[in-house]
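For the sequence shown, the numbering used here assigns the number 293 to the initial residue and increments by one for each residue that follows. Don't be surprised by glycine CBs; every beta carbon is placed ideally from N, CA and C. For reference, the structure is listed below as structure tokens.
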Amino acid sequence: MTKTIIHFFLVILTLSGLSLQAQKRILYNLQVTYPDGLKKNSTVYLDINNDKTDFYEARFITPGQKPSGLVQAIERKSGTSENTILVQDFKLNSFKIKTTDILDWKLMNDYKTVEKYKLQKATVLFGGRNWNVWFCNEIPLAEGPYKFNGLPGLVFEAEDMDGVFKYSLMKIENLSKSSVQPTLNVKDAVNITWEKYNKLLSDFYENPYQKERESTQKGNEIVYEDKEMKVQDFTKMTKDFQTMIRKNLPPYVEADKNFLLNKTN
293 MTKTIIHFFL VILTLSGLSL QAQKRILYNL QVTYPDGLKK NSTVYLDINN
343 DKTDFYEARF ITPGQKPSGL VQAIERKSGT SENTILVQDF KLNSFKIKTT
393 DILDWKLMND YKTVEKYKLQ KATVLFGGRN WNVWFCNEIP LAEGPYKFNG
443 LPGLVFEAED MDGVFKYSLM KIENLSKSSV QPTLNVKDAV NITWEKYNKL
493 LSDFYENPYQ KERESTQKGN EIVYEDKEMK VQDFTKMTKD FQTMIRKNLP
543 PYVEADKNFL LNKTN
């Protein structure tokens, strides 16, 4: 009986140790190359907990910064492909899109060493992009940046073959109760589908000044920068807005989700 009790406690301690080891914060450098060739670098975080994994940009964890625009923030159940991605519309309303993203990984016989770690190459077609990914079998965490999980080891690098996105591991830290937590506020975001979200973006893109235009047509006076606005003014402003969006909208990791794909103007 005593041996059974001792064995039971040894098992509990072992499981507890494994659980603690799995609580990690991984820092990646994200390099994004824009259509005009401009490259922007930023730090993104991957928090691996026992029950969930969070992936987010630094502004979610930096005091005084409020995430806005096209963000990268994902929450998923650890060890699954069940993702919840946070998005915003042009009015900065927050939404969440739940997706199941099972990646069809192809393991390659290509290897390289980064520092002391031996990495193996894998490829996948995801989000309308072909990706090269390098992971480490020596670190048995089946996680990675964005939605790149399910490999036999931690993802060190992920880059699409067009060179638009590149994630590179910078640092691995232990995650504890004293670690600063991100303000993702997933629970407060409104559920929506990709289709409905893209329709919101598309409708606003096509007619961003709809309320002002309708008000003017009803005979109401609208003054902007000391000028009384006419219907034709909103037509020009709409064209200017659309040009600005096409020029400045960051690339989508999932290129096939870009609401501008079928836009000709």
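Exercise. From this set, I431, K463, T335 and K549, which residue's C-alpha is nearest K410's C-alpha?
Worked result: Counting from one through the sequence shown, the residue named residue 410 turns up at place 118. The option with the nearest alpha carbon to K410 is I431.
Problem set entry | Test item: CB-CB of E465 and N424 under 8 Å | By 1-based counting over the sequence shown, the position of residue 465 is 173. By 1-based counting over the sequence shown, the position of residue 424 is 132. No, the pair does not count as a contact, with Cβ atoms beyond the cut-off.
For this session: Within 10 angstroms of the Cβ of L417, are there 16 or more other Cβ atoms? Answer buried if so, exposed if not.
Result: Against the sequence shown, residue 417 aligns to sequence position 125. Burial call: exposed.
Exercise. By how many angstroms is the C-alpha of G420 removed from the C-alpha of K531?
Worked result: Residue 531 sits at position 239 when you count from the first residue of the sequence shown. Residue 420 sits at position 128 when you count from the first residue of the sequence shown. Near 28 Å, if we compare the C-alpha coordinates of G420 and K531.
For this session: Identify every run of the beta strand (DSSP E) within the stretch 384-456, keeping only runs that are complete inside it and at least 3 residues long; order them along the chain.
Result: 386-392, 398-406, 409-418, 421-428 and 446-452
Exercise. H299 to I318, Cα distance in whole Å?
Worked result: As a working mapping, residue 299 is identified with position 7 in the sequence shown. As a working mapping, residue 318 is identified with position 26 in the sequence shown. Residue placement at H299 is poorly supported in this model, since its pLDDT is 38, which falls under 50; the coordinates are not used for a value here.
Exercise. Since R368 is in the beta strand (DSSP E), which residue starts that stretch and which ends it?
Worked result: To locate residue 368, count along the sequence shown from 1; it is residue 76. If you look at R368, you'll find it in the beta strand (DSSP E) that goes A365 to K369.
For this session: For the alpha helix (DSSP H) holding L493, just list the boundary residues, first then last.
Result: Within the sequence shown, the letter at position 201 stands for residue 493. That run of the alpha helix (DSSP H) goes W486 to E498.
Exercise. Okay, do the stretch 472-489 and the stretch 318-331 touch, 3+ Cβ pairs below 8 Å being the bar?
Worked result: no
Problem set entry | Collapsed DSSP secondary structure at K469 in the structure displayed | The residue you call residue 469 lines up with position 177 of the sequence shown. Coil.
Problem set entry | Of the listed residues V379, S373 and T372, nearest to Q364 (C-alpha basis) | The count along the sequence shown starts at 1 and reaches residue 364 at position 72. Comparing Cα positions, the closest option is V379.
For this session: Could you give the DSSP three-state label for E594: helix, strand or coil?
Result: An answer regarding residue 594 cannot be provided, because it is not within the stretch 293 to 557 covered by the chain.
For this session: Could you tell me if P542 is buried or exposed, where buried requires 16 or more neighbouring beta carbons within 10 angstroms of its beta carbon?
Result: For the purposes of this step, residue 542 is identified with residue 250 of the sequence shown, where counting begins at 1. Answer is exposed; the Cβ neighbour count stays below 16.
For this session: Indicate the three-state DSSP secondary structure (helix, strand or coil) for F347 in the structure shown.
Result: Residue numbering aside, residue 347 sits at position 55 when the sequence shown is read from its first letter. Reduced to three states, the DSSP call for F347 is strand.
For this session: Using 10 angstroms around the beta-carbon of F301, count the other beta-carbons present and answer buried if the total reaches 16, otherwise exposed.
Result: Taking the sequence shown and counting its residues from 1, the one referred to as residue 301 is at position 9. Because the pLDDT at F301 is just 35, under 50, the model does not fix this residue reliably, and the point stays unresolved.
Exercise. Just how far apart, CA to CA, sit N540 and L461?
Worked result: The residue labelled residue 540 in the question sits at position 248 within the sequence shown. The residue labelled residue 461 in the question sits at position 169 within the sequence shown. Each residue's alpha carbon lies about 27 Å from the other.
For this session: Look up V523 in the DSSP assignment and say whether it is helix, strand or coil.
Result: To locate residue 523, count along the sequence shown from 1; it is residue 231. Of the three classes helix, strand and coil, the one that applies to V523 here is helix, per DSSP.
Exercise. If we call anything under 8 Å between Cβ atoms a contact, is E449 one with Y438?
Worked result: The residue given as residue 449 occupies position 157 in the sequence shown. The residue given as residue 438 occupies position 146 in the sequence shown. The answer is no: Cβ separation not under 8 Å.
For this session: Check each candidate in L446, K510 and P474 and name the one with the smallest Cα separation from K463.
Result: Numbered from its first residue, the sequence shown carries residue 463 at position 171. Per the Cα distances, L446.
Problem set entry | 6 Å Cβ shell around Y544 - same chain, five flanking residues per side excluded | Residue numbering aside, residue 544 sits at position 252 when the sequence shown is read from its first letter. Answer for Y544: N550, listed in chain order.
For this session: Provide the residue(s) that pair with T530 in DSSP beta bridges, ordered along the chain.
Result: Indexing the sequence shown from 1 puts residue 530 at position 238. None; T530 has no bridge partner.
Exercise. According to the Cβ coordinates, are D381 and L552 closer than 8 Å?
Worked result: Residue mapping note: residue 381 aligns to position 89 of the sequence shown, counting from 1. Residue mapping note: residue 552 aligns to position 260 of the sequence shown, counting from 1. No.
Problem set entry | Cβ separation of D343 and E367, assumed to be a contact under 8 Å, to the nearest whole Å | Here residue 343 refers to the residue found at position 51 of the sequence shown. Here residue 367 refers to the residue found at position 75 of the sequence shown. Actually they do not touch by this definition, with Cβ atoms about 11 Å apart.
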